[in-house]
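Asks:
Numbering (this note's numbering), first residue to last: 823 to 954.
(1) From residue 906 to residue 925, what does the alpha carbon distance come to, in whole angstroms?
(2) Mind checking which residues open and close the alpha helix (DSSP H) that includes residue 940?
(3) Which first and last residues belong to the alpha helix (DSSP H) in which residue 902 is found?
(4) Of all the options 861, 935, 954, which has the alpha carbon lying nearest to the alpha carbon of residue 889?
(5) Determine the DSSP secondary structure at residue 933, reduced to helix, strand or coil.
(6) Is it true that the CB of residue 887 sits closer than 8 Å to the CB of residue 856?
(7) Between the C-alpha atoms of residue 917 and residue 946, what's the straight-line distance to the nearest angstrom?
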């Protein structure tokens with residue numbers, strides 16, 4: 823009985839190893855775009871698309887593929903579209919923190935708090951709680 827179990831576990835181990843090896847094989851396409859690159863292209867094509875601008879700003883700030891300084895343009899677009907929206911101010915504050923611009927970060931956080939306090943929705947409440 824023991825040798826039968828041993829053979830069964832050995833067979834399972836072999837299948838598992840073969841599957842592991844095969845999953846690592848294959849050519850990965852060199853032309854595959856990262857998600858942040860897709861968002862950058864979409865923003866370049868249509869800078870008026872606020873959803874894409876917000877996603878790009880968030881991707882530049884909060885993903886390992888992002889480059890924080892490149893978040894300036896989408897944040898500026900969001901701010902110009904709705905100056906009373908606290909989200910772009912919060913994103914600008916986070917950008918300033920990542921770039922080490924603490925005075926600008928403090929001002930942007932205060933702006934985000936001021937704008938969020940004038941709204942009555944869950945996102946603004948969350949911004950108030952996180953920015954304080």
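For glycine and all other residues, C-beta sits at the position ideal for the given N, C-alpha and C.
Replies: According to the structure data:
(1) Here residue 906 refers to the residue found at position 84 when the chain shown is read from its first residue. Here residue 925 refers to the residue found at position 103 when the chain shown is read from its first residue. Approximately 21 Å, taken between the alpha carbons.
(2) In the chain shown, the residue the question calls residue 940 occupies position 118. It is not in any alpha helix (DSSP H) - residue 940 carries neither H nor E in the DSSP assignment.
(3) The sequence position of residue 902 within the chain shown is 80, counting from 1. Here the alpha helix (DSSP H) through residue 902 covers 894-903.
(4) If you number the chain shown from 1, residue 889 lands on position 67. Minimum Cα distance to residue 889 is reached at 861.
(5) Within the chain shown, the letter at position 111 stands for residue 933. Reduced to three states, the DSSP call for residue 933 is helix.
(6) To locate residue 856, count along the chain shown from 1; it is residue 34. To locate residue 887, count along the chain shown from 1; it is residue 65. Cβ atoms of residue 856 and residue 887: closer than 8 Å.
(7) Mapped onto the chain shown, residue 917 falls at position 95. Mapped onto the chain shown, residue 946 falls at position 124. Approximately 19 Å, taken between the alpha carbons.
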